[in-house]
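Enquirer:
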Amino acid sequence: KNVHVVLAFSPVGDSFRNRLRMFPSLVNCCTIDWFHEWPAEALYSVAKQHMTQQQVVLPDLEGSLQMFKVIHQSVEVSAKKFLQETKRNVYITPTSYLELLTSFGSILAMKRIQVGTQQHR
């Protein structure tokens, strides 16, 4: 019934400003969602939900969930430091965090298979 269109722009640089000048309806007729860093509670909650959905069993699940949160936060800090030193942006997004969780689950499953295979030899 209704058509929804999603446009994604990077707010960095002159190209975004130029697009807004060329197409003022982007500001006047659209809803702009700005995405900010996830708080620590959200990082923890997303990791817990992701590990539950993927049925990842860990001996210290609580410690692992805290580890994911700290890793992501330290990468955000490093990205800010990199920007200050080099004047170049590195984007650390929620998708980056989800990729971290997915990669961990995939590598863990692969390593468990390898260890199981080696034990049977």
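If you're matching positions, the sequence shown starts at 247 in the working numbering and goes up one per residue.
Even glycine gets a Cβ: it sits at the ideal position worked out from N, Cα and C.
Here the structure is a predicted model, which means the values were calculated and not measured.
Measuring only the C-alpha atoms, how far is Leu253 from Lys327?
Expert: 29 Å
Enquirer: Which class does Ile338 belong to by DSSP, given the choice of helix, strand or coil?
Expert: coil
Enquirer: For Ile317, name the three-state secondary structure that DSSP assigns.
Expert: helix
Enquirer: Do you know how far the Cα of Leu311 is from the Cα of Gln319?
Expert: 13 Å
Enquirer: Output needed for Phe255: all residues of its chain with C-beta closer than 6 Å, excluding positions within five of it in sequence on either side, in chain order.
Expert: Apart from the 5 residues on each side of it in sequence, Phe255 sits with its Cβ closer than 6 Å to the Cβ of Phe262 in its chain, given in chain order.
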